[in-house]
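As structure tokens, the structure follows; a few thoughts come after it.
Next up, the structure:
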């Protein structure tokens, strides 16, 4: 079963509230077997346009675990804060299995 990556492009409108979201979200990611691969890195264009927002990439053991984390009650509390403090595009991609 391939790893799954949840990719976030986040435009933060309320940095203070977003910091609270990040504090609350991190333990829920770990509790679901996930880890941060990128957490707000400085995106630089190599081809095309650079990301217009903060980039966050999470790695999960598989797609089912990523979906379960996102739907979990403990993450929902943090998600409400993020939705009020930012706008984002979020998508899930499967990792490569050679």
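In my numbering, the protein residues as written are 1 to 98.
Note that beta-carbon positions come from the ideal geometry of N, C-alpha and C, so glycine has one too.
Reduced DSSP category for residue i - H, G, I as helix; E, B as strand; rest coil
| i | result |
| --- | --- |
| residue 92 | strand |
| residue 44 | coil |
| residue 24 | helix |
| residue 3 | coil |
| residue 15 | helix |
Cβ pair residue i, residue j closer than 7 angstroms
| i | j | result |
| --- | --- | --- |
| residue 58 | residue 20 | no |
| residue 4 | residue 79 | no |
| residue 61 | residue 33 | yes |
Those residues which DSSP pairs with residue i across a bridge
| i | result |
| --- | --- |
| residue 8 | 56, 90 |
| residue 38 | 57 |
Residue i: first and last residue of the uninterrupted alpha helix (DSSP H) it sits in
| i | result |
| --- | --- |
| residue 67 | 63-71 |
- request: Report yes or no: do the region 34-50 and the region 82-91 share at least 3 C-beta pairs separated by less than 8 angstroms?
  value: Contact fails: fewer than three Cβ-Cβ distances are below 8 angstroms.
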